[in-house]
Structures are given as C-alpha cells and as structure tokens.
Amino acid sequence: MTHPPETQPAPTSMSLLMAMLLLLLGLLLHVVGPSEALHLSSLSVPPIIDVSQKAKLFCSYEMGNRTLNSVKWYKDGHEFFRYSPLTPPTTNWFPVKGVTIADGSSHCNQFICNVELEKLNIHSSGQYRCEVSGDAPEFELIDKAANMTVGVLPKFDPLISGVRRTYKYRDTLVANCSSEWSSPAARLTWYINNKTAPQMQLQPQINEVIHNTEGFPLYASKLQLRLHIDDQRFIGKSEMLELRCVADILGVASLRRESWLRTTIMALRDSGVNQRRAENGTCASARAATFAAWLLCLTSLLRWHCTLS
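Mind the numbering: the sequence shown is residues -37 to -1, 1 to 272 in mature numbering (1 follows the signal peptide of the UniProt record, and there is no 0), read in order.
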C-alpha cells in the first residue's frame, strides 16, 4: 500500500510578518549603522607639581552619536567644576578645600574640558576625576581619575663633598651626597663608573625634616659612600673613577637631578717612585747644603790665616 508524499505546512501569516520585520530591522541597521558608545579619550593631571606653579587639568572625550549632557571635575569625590551646555549657566564652580580655579582658565566644548588651578597648597594634593555624561534617554556615564601631589621641588643639583683628587691602594674614599630641602624627600643613589654602588658601601640615608610656613614637611637627604680601595689591580695600575649622585623624587624622570666628579686612584708602584724621588731630592739637598757649609768654613779659615800673616 502506497502512501501519498508528505507536504510542508504552508507558512502562516504570523511567520511571514516576523520575517518581514527582521528584514526591515536588518535594512535599518545597515543604513543607520551601529550605535557608537561614549568614550573618554584622555585625562592629563600632573603627577607632582611645585606649590608655586599652576596645575593644568585636561579631559578629552568622544560623544559618538550622543549629545553631551555635562562634564564634571571632582577632587577626592567632591565636585568643584561643572560644564553643562544644555542647562544655563553652562559653567558652575563649587568650593572645595585646596582647589582654586584661575579666572578665565576653563575651556570646555563637545570634545574637551580643561581647567587650571592656582594658589596651590598642602590641601591641593589628592585624586582628580573627570566625569562625562550623555543626554537622554541613556544618560551614559564615563569617568577617569588620576592622583596629583603638590610639593616643594628642588631647584639645584645634589652636593658632593669630601672627595680628594687622588687616592692610592689601601686608602678609604669617603664621599657625601646631600640634596636640598624638598617635599617629598629625595631618594639618593650613588654610581661608580655608571654602576650602582653596592649596598655594603653605603651608610643608611639620613632625612632631616622641618616644616615651612605653608605646612609642608621639608626633607634634606644625605647619603654617604665609603669605598675601601683594596683591589690589587691598583698596585700596578692607576685608574680614574667617576662618582655620580642622583636625587629622585617619586621616580619622576623630569624631576631627577644629579652631580658627578672624577678622582684618580694612583698605582702603588707610581706612588713609591714618587716617594723615592722626593726622598732622593731631600738627600741631595742635604748633601749640597753640607758641602756649602764646609766650603764656607774653609773660606773663613783661609781669610783668618791671611790676616795673621
């Protein structure tokens, strides 16, 4: 007995409607394109700055196909500046301890929002955050934060003292490196011929501290290098040593300061030759002086004998 071939069920009107909706949605996405997300491009906050300078804060962003609702600046979670182009007044300032915005320094638009801080003090250090929000209906929010330290930065290179021009085998070289008053404290490092000095040749770093009138703790750092010249190569060979002291503050390359000098380690052989030459010169001078004395004595006797005659 044969069975009639099975037939596929006819598509319903509902399935046809769903297929048409999916096709229209695909075409719409192809024409309009995917929705672009809000993006905070960059944030620039000085990691460390001198108390006498002004701090420039920069924030840049990309809105995609969204409208900018507001840009806000915060210090340690407290809002001190707001730019809201859709709600006048477009610019607002809020009092926050340690924050003073320089007059006319703010510049904000659909792409960037920059402010400049003046009259920095010990309370100006902290975390600074830029927050950007889009408009309705999503009110998408993005932000970035960075820390800033306000201090008293050194203006001069460290001072090296106590080093003689020459040394010889079995001498002890003692070199002192001192940094000027700063806040934070400088970290000192000794280098010998561009190599870091071994820890066993260093005395512990000393940090003296005082407080200035603005409340900053100021540190004067000192680090001593003690090098016992016991390498036997100096018995027969002279060599020049380059000593370098580097002062770092928080590892920031632009704040690094350094001083250097050169000294000579004289070979023991050369030192002995120089000593013998000096001794021989002294003996020769002594012999010459003795001969002159005898000659003077003889001359006096001859004159006395002539007088008697």
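Ideal placement from N, C-alpha and C gives every residue a C-beta, glycine not left out.
Shown here, PHE197 sits in a helix according to DSSP, grouped into three states.
For GLU143, no beta strand (DSSP E) run applies, since DSSP gives it neither H nor E. As a beta-bridge residue in DSSP terms, LEU186 pairs with CYS140. Two segments are said to touch when three or more pairs of C-beta atoms, one from each, lie closer than 8 Å; by this definition the region 194 to 208 does not touch the region 98 to 114. Inter-residue distance for LEU122 and ARG220 is about 10 Å (C-alpha atoms, whole angstroms).
Looking only at LEU31, ASN139, ASN32, the smallest Cα-Cα distance to VAL209 is reached by ASN139. Its chain contains THR129, LYS131, SER201 as the residues whose beta carbon lies nearer than 6 Å to that of MET229, once the 5 sequence neighbours on both sides are disregarded; these appear in chain order. For the set GLU42, PHE44, ARG225, the Cα lying nearest the Cα of LEU136 is the one of ARG225. The region 72 to 148 is shown to contain whole beta strand (DSSP E) runs of 3 or more residues at 76 to 80, 89 to 97, 104 to 114, 122 to 124, 129 to 131, 135 to 141, in chain order.
If the five residues before and after ARG150 are omitted, its C-beta is found closer than 6 Å to the C-beta atoms of ASP211, all from its own chain and listed in chain order. Going by beta carbons, TYR24 and LEU1 fall inside the 9 Å limit.
Within the same chain, Cβ atoms closer than 7 Å to the Cβ of PRO180 are found at SER146, VAL172, HIS174, the five residues on either side in sequence being excluded. In this chain, the beta strand (DSSP E) harbouring ASP13 covers 11 to 13. Between the alpha carbons of GLU81 and LEU3 lies a gap of roughly 25 Å. If you look at ALA18, you'll find it in the beta strand (DSSP E) that goes 18 to 25. Assigned with DSSP and collapsed to three states, SER69 falls in coil, not helix or strand.
With 16 or more neighbouring CB atoms inside 10 Å of its own CB, ILE64 falls in the buried class.
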